[in-house]
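Enquirer: Counting in the numbering used here, the sequence shown runs from 2 upward without gaps.
The structure under discussion is supplied below as structure tokens; questions concerning it will follow.
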Amino acid sequence: MQPFKFFRESNLRKFFAGIVKNFCRNIHNIITLYVIIGENPLKVGIKMTEVNVNLGENSYTISIGKNILGGVADFIADANKFGDKALIVTDTNAFKSGTSDLIDGFARRKIMFEVATIRAGETSKNLREADELYTCAIECGIDRHSCIVALGGGVVGDLAGFVAATFMRGVPFIQIPTTLLAQVDSSVGGKTGVNHELGKNLIGAFHQPKAVFIDIAKLRSLPDREIKSGLGEIVKYGIIRDAELFAYMEDNVEKILARDEDVLEHLIKRSCEIKAEIVSKDEKESGLRRILNFGHTFAHAIETETGYRKYRHGEAVAMGIISAAFMARELGKIDEADFLRIENLIDRLGMLTRCEDCEVEDLYYATFRDKKIIGGKIQWVLPTKIGHVETFVDISEKLIKQSFAAVLD
Ligand SMILES: NC(=O)c1ccc[n+]([C@@H]2O[C@H](COP(=O)([O-])OP(=O)(O)OC[C@H]3O[C@@H](n4cnc5c(N)ncnc54)[C@H](O)[C@@H]3O)[C@@H](O)[C@H]2O)c1
Ligand SMILES: [Zn+2]
2 MQPFKFFRES
12 NLRKFFAGIV
22 KNFCRNIHNI
32 ITLYVIIGEN
42 PLKVGIKMTE
52 VNVNLGENSY
62 TISIGKNILG
72 GVADFIADAN
82 KFGDKALIVT
92 DTNAFKSGTS
102 DLIDGFARRK
112 IMFEVATIRA
122 GETSKNLREA
132 DELYTCAIEC
142 GIDRHSCIVA
152 LGGGVVGDLA
162 GFVAATFMRG
172 VPFIQIPTTL
182 LAQVDSSVGG
192 KTGVNHELGK
202 NLIGAFHQPK
212 AVFIDIAKLR
222 SLPDREIKSG
232 LGEIVKYGII
242 RDAELFAYME
252 DNVEKILARD
262 EDVLEHLIKR
272 SCEIKAEIVS
282 KDEKESGLRR
292 ILNFGHTFAH
302 AIETETGYRK
312 YRHGEAVAMG
322 IISAAFMARE
332 LGKIDEADFL
342 RIENLIDRLG
352 MLTRCEDCEV
362 EDLYYATFRD
372 KKIIGGKIQW
382 VLPTKIGHVE
392 TFVDISEKLI
402 KQSFAAVLD
């Protein structure tokens with residue numbers, strides 16, 4: 002495991018390097034910076050779409066738009082119950098993608114904050130890093146009336162969310178997802194957690210955010226591979242719930258690959274609406290929410306067998322979707338035409354459709370170590386047509402292996 006790398010306020014110093022000598026956490030110093038930089042912190046006329054996640058007293062709003070992060074501080078200040086202090090958790094790449102909107106907002110609304118920057122990557126999602134964040138939270142006086150802000154991809158969101166869920170038995174937290182995968186999936190729904198040496202996401206808690214802010218502009222610095230990883234989850238939403246979304250993707254492949262921001266915004270909004278609807282009906286995954294695992298039984302086996310290093314999560318999901326569609330076709334649950342549409346879309350989007358370095362036998366046994374198994378039986382979420390899935394059990398060993406073989410080289 003990599004040693005913990007924790008920068009905290011020193012990154013802020015780098016951020017404002019050359020502008021001030023002794024930048025400290027004190028809010029007055031930050032306000033002074035406005036004068037020096039000459040930025041107008043108040044942004045008006047920013048277009049934003051909102052999606053509500055209806056969970057009774059745990060309800061929250063997902064705000065989607067471009068350059069909207071100045072609104073985070075307004076939300077905290079106007080809610081008037083998260084105190085005047087925040088711990089922003091981010092990673093080295095997400096931090097570089099730009100934090101000025103966010104930080105300007107905190108200064109404008111006089112909210113004290115501290116930035117904790119973790120090393121980018123899945124290896125940071127562990128209890129050791131969580132422990133460092135607890136220390137940081139204690140040192141900077143975070144309590145139940147303060148708030149933890151996750152600025153980053155799914156790794157930051159899961160880790161910071163877990164810290165927020167467990168620190169002082171739960172403090173408020175806000176998600177600012179900066180990868181496509183986090184914007185369409187991991188930031189919504191309240192699943193938080195860290196990995197254990199013996200398995201992924203084995204330690205966790207449900208803890209809903211108070212708000213989610215999705216800034217599409219943050220995707221501009223995201224590498225292509227990460228965009229494609231997010232697309233894997235969006236294709237999933239189309240297949241499980243929305244044939245129109247699927248057809249929209251088919252009609253807009255070129256624009257998607259060119260990162261047309263209107264198209265991306267539509268995909269993100271629709272994905273959030275679908276996830277919000279499912280989570281609202283089944284917050285703790287006792288039924289309906291399981292359909293979100295479509296493609297994931299296969300994907301988790303691929304990720305486990307490749308040590309979580311070779312493939313991005315969404316890449317494994319795309320391959321898992323093909324395996325699940327193959328299985329459905331062999332069982333006569335989905336017709337050939339829909340199966341081919343699924344395979345073609347994934348291919349046209351430039352996502353991987355072949356898994357290297359895996360053996361069918363190993364993948365088969367890995368599926369039985371998945372934590373989603375209920376009573377020893379794997380729940381196979383399979384498409385019966387584009388836009389609809391059903392759950393099946395008791396699939397033969399032979400067919401499971403054939404379905405894995407469908408994506409092996
Ligand atoms: N909680 C849930 O419901 C849920 C759902 C799906 C996935 N997950 C978890 O999410 C994690 C994967 O999330 P991910 O794919 O976002 O990975 P990630 O957080 O590792 O981000 C991917 C890479 O992009 C970088 N990055 C982030 N924002 C950037 C930006 N704006 N510009 C440039 N680079 C940027 C990160 O530093 C990282 O290197 C996994 O740990 C997975 O278990 C959780
Ligand atoms: Zn997923």
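Glycine included, C-beta positions come from ideal geometry on N, C-alpha and C.
#1: Relative to the C-alpha of Phe340, which candidate in Ile322, Ala78, Asp225 and Leu220 has its C-alpha closest?
#2: Have a look at Ser281, Ile65 and Ser187 and flag the residue whose alpha-carbon is nearest the alpha-carbon of Gly233.
#3: Please determine, among Asp243, Phe214, Val213 and Leu160, the residue with the shortest C-alpha to C-alpha distance to Ala206.
#4: So Gly162 and Ala183 are in contact, right, with Cβ under 8 angstroms, and what is the actual spacing, rounded?
#5: What are the partner residues of Asp1, as DSSP defines its beta bridges?
#6: Give the range of the alpha helix (DSSP H) segment to which Ala326 is assigned.
#7: Would you kindly work out how many angstroms separate the C-alpha atoms of Lys111 and Gly99, rounded to a whole number?
#8: Within 10 angstroms of the Cβ of Cys25, are there 16 or more other Cβ atoms? Answer buried if so, exposed if not.
#9: If you measure between the beta carbons of Phe168 and Pro210, is that distance less than 9 angstroms?
#10: Would you say Gly106 touches ligand 1, meaning its beta carbon is less than 8 angstroms from a heavy atom?
#11: Is it buried or exposed, Arg370, if we count other Cβ atoms within 10 angstroms and call 16 or more buried?
#12: Determine the burial state of Met2: buried for a count of at least 16 other Cβ atoms within 10 Å of its Cβ, exposed for fewer.
#13: Spatial neighbours of Asn59 within its chain, please: CB distance less than 7 angstroms, with the 5 preceding and 5 following residues excluded, ordered by chain position.
#14: Relative to the C-alpha of Thr124, which residue among Ile215, His301, Cys356 and Asn202 is closest?
#15: Judging by CA-CA distance, which residue of Phe295, Gln380, Glu227 and His146 is the nearest neighbour of Pro178?
#16: Given a threshold of 16 other Cβ atoms within 10 Å of its Cβ, counted over all protein chains shown, does Thr136 qualify as buried or as exposed?
#17: Which whole-angstrom value describes the C-beta separation of Ala212 and Tyr61, a residue pair presumed to lie in contact below a C-beta threshold of 8 angstroms?
#18: Comparing the CB of Val90 with every heavy atom of ligand 1, is any distance shorter than 8 angstroms?
#19: Take the Cβ of Glu306 as the centre, count every other Cβ of all protein chains shown within 10 Å, and call the residue buried at 16 or more, exposed below.
Expert: Quick look at the numbers:
#1: Here residue 340 refers to the residue found at position 339 of the sequence shown. The residue with the shortest Cα to Cα distance from Phe340 is Ile322.
#2: For the purposes of this step, residue 233 is identified with residue 232 of the sequence shown, where counting begins at 1. Comparing Cα positions, the closest option is Ser187.
#3: Taking the sequence shown and counting its residues from 1, one reaches residue 206 at position 205. Measuring from the Cα of Ala206, the nearest candidate turns out to be Leu160.
#4: Along the sequence shown, read from residue 1 onward, the residue named residue 162 stands at position 161. Along the sequence shown, read from residue 1 onward, the residue named residue 183 stands at position 182. Your pair Gly162 and Ala183 does not check out as a contact, with CB atoms roughly 11 angstroms apart and the cut at 8 angstroms.
#5: The requested residue 1 does not occur in the structure, where the chain is confined to residues 2 to 410.
#6: The sequence position of residue 326 within the sequence shown is 325, counting from 1. Looking at the DSSP string, the run of the alpha helix (DSSP H) that includes Ala326 is His314 to Glu331.
#7: Counting from 1 along the sequence shown, the entry for residue 111 is found at position 110. Counting from 1 along the sequence shown, the entry for residue 99 is found at position 98. C-alpha separation (whole angstroms): 20 angstroms.
#8: Position 24 of the sequence shown, counting from 1, holds the residue named residue 25. Note on Cys25: pLDDT 29, under 50, position unreliable in the model; the coordinate value appears next. The residue in question, Cys25, is exposed, as its Cβ has fewer than 16 Cβ neighbours within 10 Å.
#9: Counting from one through the sequence shown, the residue named residue 168 turns up at place 167. Counting from one through the sequence shown, the residue named residue 210 turns up at place 209. Contact check for Phe168 against Pro210 fails: the beta carbons are separated by 9 angstroms or more.
#10: By one-based count along the sequence shown, residue 106 stands at place 105. No.
#11: On the sequence shown, position 369 is the one that residue 370 refers to. Counting Cβ neighbours within 10 Å, Arg370 comes out exposed, since fewer than 16 surround it.
#12: Taking the sequence shown and counting its residues from 1, the one referred to as residue 2 is at position 1. Only weak support is given to the placement of Met2: the predicted model assigns it a pLDDT of 31, under 50, and the question is left unresolved by the model.
#13: By one-based count along the sequence shown, residue 59 stands at place 58. Closer than 7 angstroms at the Cβ level, and outside the excluded window around Asn59, lie Gln209.
#14: Numbered from 1 along the sequence shown, position 123 holds the residue referred to as residue 124. Selected option, being the one with the closest Cα: Asn202.
#15: Residue numbering aside, residue 178 sits at position 177 when the sequence shown is read from its first letter. Among Phe295, Gln380, Glu227 and His146, the Cα nearest to that of Pro178 belongs to Glu227.
#16: The residue you call residue 136 lines up with position 135 of the sequence shown. By the neighbour-count rule (16 or more Cβ atoms within 10 Å), Thr136 is not buried but exposed.
#17: As a working note, residue 212 is residue 211 in the sequence shown. As a working note, residue 61 is residue 60 in the sequence shown. Sure, about 5 angstroms apart at Cβ, within 8 angstroms.
#18: For the purposes of this step, residue 90 is taken as the residue at position 89 of the sequence shown. Checking every heavy atom of ligand 1 against the Cβ of Val90, none is found closer than 8 angstroms.
#19: Reading the sequence shown from its first residue, position 305 is the one you call residue 306. Buried: at least 16 other Cβ atoms inside 10 Å.
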